[in-house]
């Protein structure tokens, strides 16, 4: 059931440590994060996108997934995933398909919580709240000056002037925090990048306590 899926989203401004946090949490015995697939953004990002794909049907969507190199990271067969929808055993619903993907990935790893990470999810919090109101949101934030310095070295943002990177980062962080606190008042948690780097055991321990989980030393075995 979609509403019972123990789902965690990591959000944050680009270059704020979302990937590092995902890797650390993925090292916990009860938390599994999928590779970045952008599934929610690409196929459920707006009601119109969802409706258009659902109208085209499950066989069309099978072709879409077969051509999606990000989806291939999951090691899940699009044919097997969508067969119940092809056969009419289930109504074709992309929210349910996405939930199926997450549940399959979680079951293969034998863990309790499933996670999905994408820095751009800061912009999709209202959509996530509508589709998955039971989700947990973890917002990692970082000193804006360090974010800008990091962005100036990244291929996708180095072309922007310093002031523009600074303004975008600050606005994204502030608006993301405001939205998340309003939409997920009891399921929103913040984590400072600097705290995570300085004392990862204490920082992760505080975060995991919200999920009634304990810190595990193996989480620090970054791969």
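Residue numbers (this note's numbering): 19 to 241. We treat Cβ as the ideally placed atom computed from N, Cα and C, and that holds for glycine. Quick caveat: nothing in here was measured; it's all calculated off a predicted structure.
Minimum Cβ-Cβ distance from residue i to chain D less than 9 Å
i	result
residue 149	Annotation note: the requested chain D is absent from the structure, which comprises a single protein chain.
Reduced DSSP category for residue i - H, G, I as helix; E, B as strand; rest coil
i	result
residue 54	coil
residue 246	Lying outside 19 to 241, the shown extent of the chain, residue 246 is not represented and no answer is given.
residue 165	helix
residue 184	helix
residue 246	With the chain covering only 19 through 241, there is no way to say anything about residue 246.
residue 109	coil
residue 101	helix
residue 85	coil
residue 118	helix
residue 80	helix
residue 204	coil
residue 152	coil
residue 62	helix
residue 251	In the structure as shown, the chain begins at 19 and stops at 241. Residue 251 is therefore absent and cannot be evaluated.
residue 231	coil
Residues that DSSP places opposite residue i in a beta bridge
i	result
residue 29	157
residue 49	131
Own chain residues within Cβ distance below 7 Å of residue i, not counting five before or after
i	result
residue 139	27, 29 and 146
residue 213	221
residue 210	159
residue 67	61
Residue interval of the alpha helix (DSSP H) (run including residue i)
i	result
residue 39	36–44
residue 72	65–74
residue 94	It is not in any alpha helix (DSSP H) - residue 94 carries neither H nor E in the DSSP assignment.
residue 145	143–149
residue 23	That residue, residue 23, is in no alpha helix (DSSP H); it is neither H nor E in DSSP.
residue 138	Premise fails: residue 138 is in no alpha helix (DSSP H) and is neither H nor E.
residue 224	218–227
Other residues of its chain near residue i: CB distance less than 6 Å, five sequence neighbours each side excluded
i	result
residue 127	50
residue 96	80, 83 and 84
residue 154	26 and 205
residue 89	55 and 83
residue 219	233
Stretch-stretch touch, CB-based, cutoff 8 Å, three pairs: the region 76–83 with the region 33–42:
Under the 8 Å Cβ criterion, the region 76–83 does not count as touching the region 33–42, having fewer than three qualifying pairs.
Three Cβ pairs or more, each shorter than 8 Å: is that satisfied between the region 59–69 and the region 109–117?
By the criterion of at least three beta-carbon pairs nearer than 8 Å, the region 59–69 is in contact with the region 109–117.
So, do the region 145–160 and the region 197–208 have three or more beta carbon pairs nearer to each other than 8 Å?
yes
For the region 120–135 against the region 52–59, are there 3 or more C-beta pairs whose distance is under 8 Å?
Flag = yes, the region 120–135 and the region 52–59 touch.
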